[in-house]
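Asks: Protein chains in written order, with this note's numbering: chain G, -11 to 316; chain A, 205 to 367; chain C, 8 to 487. We put the CB at the ideal spot given by N, CA and C, even for glycine.
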Amino acid sequence: MITVVLVAAVKSVALVVMVLLGFAYATLLERRLLARFQLRYGPNRTGPFGLLQPFADGIKLIFKESFMPATADRLIYWLAPAISMVAALFVYAVIPIGPEIRFFGATVSLYIADVNVGILLVLGASSIGVYGVILGGWSSNNKYALLGCLRSSAQLISYELAIGLAVVSVVLTAGSLSLVDIVNAQQRLWFVALQPVGFLLFFIGALAETNRAPFDLPEAEQELIAGFHTEYGGFKFAMFYVGEYVGIITMSLLVTTLFLGGWHGPLLPGPHWVAVKTFAFMCLFIWIRATMPRVRHDQLMAFGWKVLVPLGLLNVVATAVIVALVGG
Amino acid sequence: MGTLAAFFILSAVTLIPAVVVVTSKNIVRSALALVPTFFGITGLYILLRAEFVAGIQVLIYAGAITVLILFVIMLTEGGTGIRIRQVNEQVPVGALASAVLAALLIWVFLRTPWPQGPGALPEYTAAQIGTTLLSSMVLVFEVTSLVLLISLIGAIIIARRER
Amino acid sequence: MPIPIEDLWSLVPEFWLAALGLLLVLLDLFLPGDRKRLVGWAAVVGLLLVLMPILGMLGTPARTVFFNTYAVDGFAVFFKIIAVVATILVILSTMDALRGHTSFEGEMYVLLTFAALGVCLMAASADLILLALSIEFVSLSSYVMAGYFKSDLRSNEAGIKYFLFGAASSAVMIYGFSILYGLTGETNLYAIADRVRTAPQPALVLAVGMALAGLGFKVSMVPFHQWTPDVYEGAPTPVAAFLAVASKAAGFAALVRFLMVAIEPGPVDWVAPIAGLSAVSMTLGNLLALPQRNIKRMLAYSSISHAGFLLMGVAAHRGDFGAPGLLIYLLAYTFTNLGAFFVAIAVGGRLGSDEIPSYAGLAQRSAGLAAVMALFMLSLTGIPPTGGFLGKFYIFGAAVNNGLLWLAVVAVINSVVALYYYVNVIRVMYLLPAPSGGSASGPVPLRLALGVAALGTLVIGIFPQPFVTLVGAAAMLLRM
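#1: Only counting the same chain, and skipping five residues up and downstream in sequence, which positions put a Cβ closer than 7 Å to that of Gly250/G?
#2: Flag this pair as touching only if the region 124 to 143 of chain C and the region 255 to 264 of chain C have three or more C-beta atom pairs under 8 Å; answer yes or no.
#3: Any C-beta of chain A within less than 7 Å: which residues of the region 138 to 154 of chain G qualify?
#4: Taking Tyr77/C as the query, report the chain A residues whose CB atoms sit under 8 Å from its CB, ordered along the chain.
#5: What residue does the beta strand (DSSP E) around Arg300/C start on, and which one ends it?
#6: Skipping 5 residues on each side, what residues in its chain have a beta carbon closer than 6 Å to that of Val478/C?
#7: Note down, in chain order, all residues in the region 214 to 240 of chain A with a beta-carbon under 8 Å from any beta-carbon belonging to chain C.
#8: Ignore the nearest five residues each way along the sequence and tell me which others in Val159/G's own chain have a CB closer than 7 Å to its CB.
#9: Drop a sphere of 10 angstroms on the beta-carbon of Phe328/C, count the other beta-carbons inside from all chains shown, and report buried for 16 or more, exposed for fewer.
#10: Please confirm if Pro317/A has its CB atom under 7 Å from at least one CB of chain C.
#11: Would you decide whether Pro221/A is buried or exposed? Buried here means 16 or more other CB atoms lie within 10 Å of its CB.
#12: Whose C-alpha, out of Ala78/C, Pro245/C, Gly189/C, is nearest the C-alpha of Leu137/C?
#13: For Ala405/C, which residues in the same chain have their Cβ closer than 7 Å to its Cβ, ignoring the five residues on either side in sequence?
#14: Below 7 Å CB to CB, which residues in the same chain sit around Ile390/C once its five sequence neighbours on both sides are set aside?
#15: Is there a Cβ from chain A that is less than 7 Å from the Cβ of Val151/C?
#16: So, is Gln261/A buried or exposed, given that buried needs 16 or more other C-beta atoms within 10 angstroms?
#17: Near Trp293/G, which residues of its chain fall below 7 Å by C-beta distance, leaving aside the five closest residues on each side in sequence?
#18: Within 6 Å: the Cβ of Ile186/C and any heavy atom of the ligand GDP?
#19: Just how far apart, CA to CA, sit Ala178/C and Pro243/C?
#20: For the region 97 to 112 of chain C against the region 451 to 460 of chain C, are there 3 or more C-beta pairs whose distance is under 8 Å?
#21: Report buried or exposed for Ala298/G, applying the criterion of at least 16 other Cβ atoms within 10 angstroms of its Cβ.
#22: On a Cα-Cα basis, can you pick out the residue from Glu293/A, Ser234/A, Arg253/A that is closest to Ala330/A?
#23: Hey, which unbroken runs of the alpha helix (DSSP H) at 4 residues or more fall wholly within the region 251 to 300 of chain A?
#24: Quick one: what's got a C-beta closer than 6 Å to Gly235/G's C-beta in the same chain, skipping five residues either side?
#25: Taking its Cβ as the centre, do 16 or more other Cβ atoms sit within 10 Å of Thr388/C, making it buried, or is it exposed?
#26: When the cut-off is 7 Å and only beta carbons count, does Ile264/A lie next to chain C?
#27: Is Ala25/C closer than 7 Å to Leu118/C when the C-beta atoms are compared?
#28: Within 10 angstroms of the Cβ of Thr94/C, are there 16 or more other Cβ atoms? Answer buried if so, exposed if not.
#29: Could you spell out where the alpha helix (DSSP H) holding Ala216/A opens and where it closes?
#30: Would a C-beta distance cut-off of 7 Å place Ala165/C and Ala153/C closer than the cut-off?
#31: Go through its chain and collect everything with a Cβ distance to Met487/C's Cβ below 6 Å, but skip five positions before and after it.
#32: Report, in whole angstroms, the separation of the C-beta atoms of Ala122/C and Ser162/C, which I expect to be a contact under 8 Å.
#33: Pick helix, strand or coil for Met487/C, following the three-state DSSP scheme.
#34: Could you tell me which residues DSSP puts in a beta bridge with Asn195/C?
#35: Between the region 201 to 231 of chain C and chain A, which residues of the former have CB atoms less than 9 Å from a CB of the latter, in chain order?
#36: So who's on the other strand from Tyr77/C, going by DSSP bridges?
What follows is the structure in structure tokens.
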């Protein structure tokens, strides 16, 4: 009993540290890559290649004055960034990053919990993340923040549906809700080949879920200052920032898990493959941000409800029919 | 013993925010207090080994319905700013009535020798729920979709603007 | 477990109604604004067509389909007939009643059609989950219909009030169902009937009581009746007619099936409480109807007292008179009460007032309207040769037969009291002078509906034999 708890605790701590490190370097990656796309250098003075830049940023944010609008709703104003960050981190309890490995003579699985409804938990946690946005925007009592949070939550709810439908088609193909089983089902053929429409839906939905360009209206600087976190500064802002970038990592990891065969791949051991695939997707996220113009809000909602959702439903129906005919 | 303790903790997690829901003067906090209530219920489902229902509970109730409630409050004119009273001068009467009802329920539940089926817990998987929904409960399932459709139509009728 | 194909055939009316509802939604979408009336006519035609498969099922043996969740028997068929006929008449009466109050017409027909489907489902549900779901189905469409006039504060109040009361009572009822499930381990009514004998006592009583709360709300039984007058007054009058007739009939169907199938074999004595509630309902409804000046409020209180009379039929279910009496009373009540509401629509549409004093001199303005209103009032009182008399006759007979003499006495006294306020309407129409000229007859569809209602009221009273046969068959088939 004690051992089980200990192993789980060690794994959790290791994972959180890893994810936070990943977050720190995701910000650096984004700044450096964006700079490259725009033929600039980006931050390269702090440490070799700017590698210490994220830590400098972190220290700066921690030591900033903790400021709060006078008319803010205190409790909720403090709670919102925490919800955002915790919801983003919680997902890692069920996402597998590799098969079981031998570690000091003991078999250790590279996931914290293989819940048999794992994918539901992932979707649930990401839907809880919406609260961080909507409450942060509301509680700061600022009209730009409120507009940003309303836009953002409308967007999140709509695109969550598209993601959910894409996931349903994956679940139908794999025949299980457990992420470990889904990865194992892709041993021979990745689901990106079996579910191209689902993959596309999921990827577009993932862009919208993480509020990334071209769907970054909630924080459209030109009209809304900074969107729902306009009134946040210092470490509270950093927590929102963690939520956002961890969200990007999560979505890349999920695409890897659900469509690109997770840890399956030739030569390299499992976790390396997961890392490579995830990294590739993060670069894709940034590339898209550097390339695509922002869409209008009504276009965004119309695209979500009139294109993605019907497409997702059709995909689910088609998948169900094929699965019934082939596997049954 | 552990189960009992977990049950009491989860009940507290469910009930205390539920009281906030019906008493808070701030309607956003009222709506927000629904979230821990739903999580408490999720915990109860997990305690009953109904993982799938628990997952759906988080996804639908905590994740979608409460967000929509918040959304509606924020889009309603003056919905968030005002401090409202949720209760009127009949609080004592209502409290008395609910106390009597609670006492009656507890008394009845304690006196009833509840039937306990033999055997272990059924294998409670999502697949089995799906099979049940599409075989013995297929009519219920289909009627549910019609009920949702009529709710959608009704909501649109209520929400639209009279020309 | 594949579904037998015969099961699908026995659900043809429900499929038809669902398809009709969806078709009407599409039709409403594509018709231009001034042609929305066509949606109503399409609904009427569709509903008339669905009567064919329903009537075709009259003679079929009673059975349950879809893994015992749905009953196909004469009882259900009877209520489906009531639902469809009532909905046709209500749609006919709606066609002009909406003008000037709202610019949206088509959706009302859609909601009415779906509500008819809900009533059919309620009458035939043989499973607690399906029962709760179909009650919600009817309720949800009724809430929206009650608050349909958005610019009218009273209609808004009606919608909100109906919703709040309905949601609370549904919650209590579903809690009761869940306790019943905990006690018997079954949700199927027929399976519960097998287990209910050995179910532990105090909680079983509680479960039945809580279930009665939700069903009692639907039929406006007395402790759960408070919503009735306000909702009937505020809701659009055709909707009030639908609530007073179809929704109430569905409530009785569910109540009777729940009590007689699932609870009857058990140890709970539900007859005495139902008889008591029946006496209270009819007395309170009548006493409160006496001082009413608004015709819709008066009809609302009268519908509470009629719920009392109908409950008397439920309490006196044993023997040859109880269940048939209940059904024939409901049939007569359907036509009569619909007719009374239709007159209120005609008068309200012409005079813009629902107050009883504004009915003064209706006999001079519109002799036909006054005559049918007089007929409906007499039938509601229960005076021969109207259908109301036949229903009361059966139900009183059943009460005496079942040893509920006291209840029969209370009912007779109440009928006499009711005479006062029903005849008062006739007095106002015939004896008081009209304040101003001008005729007050309704448009063609409404007159059609009125004619059918009047005809039904009279025919049931004068040629009762076919109806007696019909309800006899329906009541016989109930207990499988």
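Replies: In short, the structure shows the following:
#1: Counting from one through the first sequence, the residue named residue 250/G turns up at place 262. Closer than 7 Å at the Cβ level, and outside the excluded window around Gly250/G, lie Pro84, Val171, Gln174, Thr244, Val262.
#2: yes
#3: Leu138, Ser141, Ile145
#4: If you number the third sequence from 1, residue 77/C lands on position 70. Ordered by position in chain A, the residues that pass the 8 Å Cβ test against Tyr77/C are Leu343.
#5: For the purposes of this step, residue 300/C is taken as the residue at position 293 of the third sequence. Per DSSP, Arg300/C belongs to no beta strand (DSSP E) and is neither H nor E.
#6: Here residue 478/C corresponds to residue number 471 of the third sequence, with the count starting at 1. Result list for Val478/C: Pro331, Leu334, Ile335, in chain order.
#7: none
#8: For the purposes of this step, residue 159/G is identified with residue 171 of the first sequence, where counting begins at 1. Around Val159/G: Ile107, Leu165.
#9: Mapped onto the third sequence, residue 328/C falls at position 321. Counting Cβ neighbours within 10 Å, Phe328/C comes out buried, since at least 16 surround it.
#10: For the purposes of this step, residue 317/A is identified with residue 113 of the second sequence, where counting begins at 1. For Pro317/A, the answer is yes, since a Cβ of chain C falls inside 7 Å of its Cβ.
#11: In the second sequence, residue 221/A corresponds to position 17, counting from 1. Its Cβ being crowded by 16 or more others within 10 Å, Pro221/A is buried.
#12: Taking the third sequence and counting its residues from 1, the one referred to as residue 137/C is at position 130. When each option's Cα is compared against that of Leu137/C, the closest is Ala78/C.
#13: The residue given as residue 405/C occupies position 398 in the third sequence. Closer than 7 Å at the Cβ level, and outside the excluded window around Ala405/C, lie Gly320, Ala323, Gly326, Phe328, Gly329, Gly332.
#14: Position 383 of the third sequence holds residue 390/C. These residues qualify, in order along the chain: Phe396.
#15: Position 144 of the third sequence holds residue 151/C. True, the Cβ-Cβ gap to chain A drops below 7 Å.
#16: Working through the second sequence from its first residue, we reach residue 261/A at position 57. The residue in question, Gln261/A, is buried, as its Cβ has 16 or more Cβ neighbours within 10 Å.
#17: Your numbering for residue 293/G matches position 305 in the first sequence. Closer than 7 Å at the Cβ level, and outside the excluded window around Trp293/G, lie Ser146.
#18: This structure does not include the ligand GDP; it has no bound ligands of any sort.
#19: Sequence index remark: in the third sequence, residue 178/C carries index 171 (1-based). Sequence index remark: in the third sequence, residue 243/C carries index 236 (1-based). Rounded to whole angstroms, Ala178/C to Pro243/C spans 26 Å at the Cα level.
#20: yes
#21: Stepping through the first sequence from its first residue, residue 298/G is reached at position 310. According to the sequence shown, residue 298/G is Pro rather than Ala. It is exposed - the Cβ of Pro298/G has fewer than 16 other Cβ atoms within 10 Å.
#22: Locating residue 330/A in the second sequence gives position 126, counting from the first residue. It is Arg253/A whose Cα lies nearest to the Cα of Ala330/A.
#23: 255 to 260, 270 to 279
#24: The residue you call residue 235/G lines up with position 247 of the first sequence. So the list reads Ala76, Thr198, once near-sequence residues are dropped.
#25: Here the question's residue 388/C lines up with position 381 in the third sequence. Classification of Thr388/C: buried, given that the 10 Å Cβ count is 16 or more.
#26: Here residue 264/A is taken as the residue at index 60 of the second sequence, counted from 1. Ile264/A does not count as touching chain C.
#27: Start at 1 with the first residue of the third sequence, and residue 118/C comes out as number 111. Start at 1 with the first residue of the third sequence, and residue 25/C comes out as number 18. In this structure, Ala25/C does not lie closer than 7 Å to Leu118/C by Cβ.
#28: On the third sequence, residue 94/C is found 87 positions in, with the first residue counted as 1. Buried.
#29: In the second sequence, the residue the question calls residue 216/A occupies position 12. 206 to 227 is the span of the alpha helix (DSSP H), which, as asked, contains Ala216/A.
#30: Looking up residue 165/C in the third sequence gives position 158. Looking up residue 153/C in the third sequence gives position 146. Yes, the pair counts as a contact, with Cβ atoms nearer than the cut-off.
#31: Residue numbering aside, residue 487/C sits at position 480 when the third sequence is read from its first letter. Any answer about Met487/C is weak, because its pLDDT of 47 lies below 50 and its placement is not dependable; what the coordinates show is given next. Closer than 6 Å at the Cβ level, and outside the excluded window around Met487/C, lie Ala69.
#32: For the purposes of this step, residue 122/C is taken as the residue at position 115 of the third sequence. For the purposes of this step, residue 162/C is taken as the residue at position 155 of the third sequence. Actually they do not touch by this definition, with Cβ atoms about 17 Å apart.
#33: For the purposes of this step, residue 487/C is identified with residue 480 of the third sequence, where counting begins at 1. For Met487/C, the predicted structure reports a pLDDT of 47, less than 50, and the residue's modelled location is therefore unreliable. The matter cannot be settled from this model.
#34: As a first step, residue 195/C must be located in the third sequence, where it is residue number 188. In the DSSP output, where bridge partners are listed per residue, Asn195/C has Asp134/C.
#35: Arg202, Thr205, Ala206, Pro207, Gln208, Pro209, Ala210, Leu211, Val212, Leu213
#36: Locating residue 77/C in the third sequence gives position 70, where the first residue counts as 1. DSSP lists Val72/C, Ser132/C as partners of Tyr77/C.
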